[in-house]
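Undergrad:
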Amino acid sequence: MVQLYNLHPFGSQRVVPCRQEPALFCCGRDVLFVAGTAGSCRVEVFALRDQGGCEALGSFATLGAVLRMAHSPAGDYLVTIEEKSKATFLRAYVNWRCMSAGSSRVCVRMVGHKMEESYSETLKEQMSIVEMPLSDPPLCVSCCPVTGDLLVGCANKLVVFCLKYLVINQNLTVLDFERSLILHIDNVVPAEVAFCAKHIAITTELDVLILKLELVQQSAGRTEQCAHGVSTLEQPVDGGVKDEGPSTDSLQLELDEFIICQKPVELLGEESQHCEIPITLESTALPMEETKHFQVHYLLFRRFTPDQSPFGFCEETTLHSVQLLPVYQTGSSVTAHEETESKRELLSLFCFFSLPHVGYLYSIGKLVELISTYQYSEKSEQAVLTPQFLHVITSEKLQCFTVRCSAAAARDEDPYIDTTVKACPPVTLDVCTLRMQLFIGPRAICHFRNHIILLTKADTEDITERRKPTRRMISKKADSIKSRANSESEPGWNLYIINTVSTLQLYREMVDYSRTYENVKTESCIHLLSEAHLLVRAAIMDPGFPKSDEKEEILRAFRESCAFLGDCYSKFDTRDYHLALPYYRMSGLSMTEVLKRLVSEGDEIQTYEKGFIFYLTHSLNEELNEELSKESANKVLQIFYLADPEQLPHILCSPCMKNACPLTAVGYLQKVEKMMPSVVLTLSKASMALRMGDLVLYGREMDSCKEATLTCGFTGQPKLLRQHKEGVVTPTEFAVHLKETQPGLLVAATVALHENSKMELEEAETFFKMLCSNSENSIPQLLVDFWEALLVVCSQEEVVQELLLRITSQYVWRISKKQLPETKPLKTTEDLINSCNHFGLIFPWVTSIMSVGSPSDKDYHEDISKLQSLLCGQSIDVASALPVLEPLTEAGHVGLTICVLCSSQLGKYEEAIDQLLRRCPEAAVVYAQHELKGDSRAVWWNKLLPELCKRIRLTGKDCPVLVSSLKETLSVVATELELRDFLSLLPEDGTAAFFLPHLLHCSQRKLLT
């Protein structure tokens, strides 16, 4: 559906002072080319000024009457199709600007002609006419605005000429062309073609085909023709002619009496390759070492049927005005040098074509889709597409429609634009007509920057009607003479330069116009503001925007349009109310400024729509670095109490609400509690009570729920405990109070936050360090309590190993530095052993070693026992923990237990026995009895027995501990080994009497078995 608005996109208009009647015209970079009607073989050139002025630069002669012409911004050349003596010619006019400087030199040459000899330093100021011969007459032509390449349409073929820059000498570069590719298209006579960035659009009377040429690297030897198409589908007409019947001639006469129409078809993307138009490529470029070859990729095929009416078919149903419109990356710079290829980066590409009463705009970039359909009130003559508007001429009007190119391009540039951070009006937004300007006899139209060039030609009847006197008393003879005199003296044509108003002026008019619908038609108001937003967005996406004089004003208008759209989605009851949030964010307005726009002053009660509440809720929950004033914060409390009371305890936790009156907040919370009680609400009341200093109310609220329930409440609203300010975790006043009064609840709540993915380990570490005012390198006991508590419930193996290493590191640090914890640990070793399977029962041999340790170790008994318990468990990865445990390896009996525990965990039992015999032989047998089992049983006789014998021999009888250990070892060995094996282990210099009891024990065990 097309919306109708009476806006004013057209400003002043001026007449181009043409000497001859215009037939064709086109715009260059800053000039207008005008070709005369048949018989006047000349092109006039006019300079166009930004303010709409027009100045004649000169003219140059053509070979014949100009049938088609086009200008290329890249290379700044004009290409024409000319007719002379019933023959058509294709010519390119290069360096035509020199004729405006007074030079009359003209060089005519064939394409590809060797030019080094034709050009010299003295002859560089001359216009060159490049003749491009073709085997078939050229029908239409198009220049690529990105590369300057040329596409020529002939019957059943398209020819591509590549633009080349030839360096003649240091001061002279000449343009030339190379015929590089021919696309053979059977049974297609192109009426119009468009060419842009290797994309080709072709129209016949009722068919549209859009292709893309894709590069394929091939070796130089492969220069033969490559077919890239599909086989021709069987024509429906052919199927009806295969039966036996009349002769071919009589059948053709019979068919000529009918109009045969095929069904309308629309094939998008991959489906379009199934159309009935096969294409064969013929490369005509000179073979090189790495020749570039192309293949065809079909993008769109559409077939129309003639319009039908009660009186039959309309024979004037033909397509016209096919165009490809490129949109470039925002901020891309335009290459200023004429001789170099443009460096602008293509973002999106759009294709427009039109029937007499309806136009179609497609996006053919990343996705091929129909964006907009334009319904005309009258039969159209021609249309021209710009990034901001579609201008259409009918028999008596110039119409201006809005387009959706900037909306589609914005999504191509940023696929995540439709989020809570950014937004853009949809591509499917209804198009609208801004203006219908009356003209007499519009014939042709083209576009240049902010100008429309319009050719009007009035019929003789129109001129007569304009000059006809209103008095009916004049005789018929006088009337006839007057009309004939007027028709002969008045030319009946005009070429206008219509100045379109600036983006900012039209934007302001749209905004003012939208206010008329503000209280009447909500959707129309939003629609107009969306149009204004897209208008400004299109200006920002213009390649020349970074250098525009109006850059700052346009950016300001963009932010303002976002604010207006935010107001609409906040104030109106719309389906897309959630868009208030991204539009306000893009506007740059603070929350305070938004409140001033939407909330009336005083205590009167307003109604607040979902969009406004949605914006406030998200803004308050995202911890913005903005503190509302006391008045604004209290107003927000009132708004949520009236509109969404369930959110009240949550928004009170926002840092933005720091200045809210706690007494007022408690009053609202008590009213809400009667309707919808919750533990989060109870905690919010307790938080407000702390802020007021009312410890009685605080205690009553905290005592009303069990600790497990309160823990769940903190999980429901983590901001009760911690907030983020400028990306840094900050404990709340509530958290500080819990640290002093209920540290167990604080740790339990933090553990619950981690397990519910609402706090990471690093964040928790920062939280506790700031809470306990510890330095960055110091670990508070409360953080260790958190790690220990988290180990009890954590099920993620990676997190468990990380926690074990952190806890081990802290235990080692405190033991080695003889540093006591600043607060009493929440859990003892026994608590951890009973509640957590990562802590194991301390082995008896460890206790044995510690029993003979130094008394000073008892001051750090808790940390030592927890560390030993961890190493006695089966969870810790000892290999990873060895670097952490390194500081304790020489720390007396504590270090000995750590070393032996690590060796045992790693299976190094012999190394452990060596350490024990060397530093604490009393525990050697106890260790062996506990550890040497199963596969490690042989260590008793292979390692322990020889070592004890060896050490006793060296020390003599002065070490009763070793002798006692040897007796215990012999008892085990005598029980386990055969008599013969036991005898082989006895030392040769030993006393037989010492070993006799064990030999007897071995022999008795043998007899019993």
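All letters in the sequence shown, in the order written, are residues 1 to 1009 by the working numbering.
Heads up, the beta-carbon is just placed ideally off N, CA and C, and yes, glycines get one too.
For R344, tell me which candidate among K758, F352, T330, L355 has the shortest Cα-Cα distance.
TA: T330
Undergrad: So for Y584, helix, strand or coil by DSSP?
TA: In this structure, Y584 counts as helix in the three-state DSSP scheme.
Undergrad: To the nearest whole angstrom, what separates the beta carbons of P9 and V536, a pair I think is in contact under 8 Å?
TA: Incorrect: roughly 14 Å between the Cβ atoms, too far for contact.
Undergrad: According to the neighbour-count rule (16 or more other Cβ atoms, all chains shown, within 10 Å of its Cβ), is Q670 buried or exposed?
TA: exposed
Undergrad: Suppose you measure from the CA of A65 to the CA of T203; what does that come to, to the nearest Å?
TA: 24 Å
Undergrad: Along the chain, where does the beta strand (DSSP E) that runs through A70 open and close?
TA: A70 -> beta strand (DSSP E) spans 65-72.
Undergrad: Measure the Cβ-Cβ separation of S372 and L355 and say whether it is below 7 Å.
TA: no
Undergrad: Using the C-alpha atoms, what's the distance from I779 back to V900?
TA: 28 Å
Undergrad: Have a look at the DSSP bridge pairing and note the partners of D176.
TA: K164
Undergrad: Give a yes or no on whether the C-beta atoms belonging to C872 and L896 are separated by under 7 Å.
TA: no
Undergrad: To which residues of the same chain is Y615 closer than 8 Å at the C-beta, ignoring the five residues directly before and after it?
TA: G566, S570, A580, L581, Y584, V594
Undergrad: Going by C-alpha distance, which of L782, V736, G744, V728 is nearest E763?
TA: Ranking L782, V736, G744, V728 by Cα distance to E763 puts V728 first.
Undergrad: Using the rule of at least 16 other Cβ atoms within 10 Å of the residue's Cβ for burial, across every protein chain shown, is L746 buried or exposed?
TA: buried
Undergrad: At which residues does the beta strand (DSSP E) containing G667 begin and terminate?
TA: Unbroken run through G667 is the alpha helix (DSSP H), 662-675; no beta strand (DSSP E).
Undergrad: Counting beta carbon pairs with one atom in the region 198-217 and one in the region 297-306, are three or more of them shorter than 8 Å?
TA: yes
Undergrad: Using the Cα positions of W813 and Y577, report the straight-line distance between them to the nearest angstrom.
TA: 56 Å
Undergrad: Have a look at E21 and D459 and give me their C-alpha separation to the nearest angstrom.
TA: 14 Å
Undergrad: Report the three-state DSSP secondary structure of A844 (helix, strand or coil).
TA: In the sequence as displayed, the identity of residue 844 is Pro instead of Ala. P844 falls in the helix class under three-state DSSP.
Undergrad: List the whole-angstrom C-beta distance separating C196 from V160, where the pair is believed to meet the contact cut-off of C-beta under 8 Å.
TA: Their Cβ separation, rounded to whole angstroms, is 13 Å, which puts C196 and V160 out of contact at 8 Å.
Undergrad: Whose CA, out of V520, G53, T456, E622, lies closest to the CA of D573?
TA: V520
Undergrad: Which residues in the same chain have their Cβ closer than 8 Å to the Cβ of I815, if we skip the five residues on either side of it in sequence?
TA: The answer, listed in chain order, is Y860, D863, I864, L867, L888, A891, V894.
Undergrad: Keeping to the same chain, check which residues put their C-beta closer than 6 Å to that of F1079; ignore five residues upstream and five downstream.
TA: Residue 1079 lies beyond the residue range present for the chain, which begins at 1 and ends at 1009; the question has no answer from this structure.
Undergrad: Leaving out the 5 sequence neighbours to the left and right, which residues in its chain are closer than 7 Å to A409 when beta-carbon positions are compared?
TA: V327, L347, S348, M541
Undergrad: Since E214 sits in a beta bridge, which residues does DSSP pair it with?
TA: Q295
Undergrad: Tell me whether the beta-carbon of C140 lies closer than 7 Å to the beta-carbon of P190.
TA: yes
Undergrad: Please name the residue in R42, M99, C54, R97 whose C-alpha comes closest to that of E83.
TA: R42
Undergrad: Ordered along the chain, which non-local residues of its own chain (more than five positions away) have a Cβ less than 7 Å from that of H737?
TA: A distance below 7 Å between beta-carbons, with the five flanking residues on each side excluded, links H737 to the following residues of its chain, in chain order: L690.
Undergrad: Give me the Cα-Cα distance between E131 and V152, rounded to the nearest whole angstrom.
TA: It is roughly 13 Å from the alpha-carbon of E131 to the alpha-carbon of V152.
Undergrad: Indicate the three-state DSSP secondary structure (helix, strand or coil) for C712 in the structure shown.
TA: helix
Undergrad: Can you tell me where the alpha helix (DSSP H) with M692 in it begins and where it stops?
TA: 679-692
Undergrad: Based on the DSSP secondary-structure assignment, which residues constitute the bridge partners of P731?
TA: P731 is bridged to R722.
Undergrad: How would you label Y909, buried or exposed, when you count the other beta carbons within 10 angstroms and need 16 or more for buried?
TA: buried
Undergrad: Go to E609, then tell me how far its beta strand (DSSP E) extends in each direction, as first and last residue.
TA: From DSSP, E609 is part of no beta strand (DSSP E); its letter is neither H nor E.
Undergrad: Can you give me the start and stop residues for the alpha helix (DSSP H) that T503 sits inside?
TA: 503-514
Undergrad: Are the beta-carbon atoms belonging to I651 and L620 less than 7 Å from one another?
TA: yes
Undergrad: Sorted by chain position, which residues of the same chain lie with C-beta nearer than 7 Å to K379's C-beta, five sequence neighbours on each side aside?
TA: P356, H357, T394, S395
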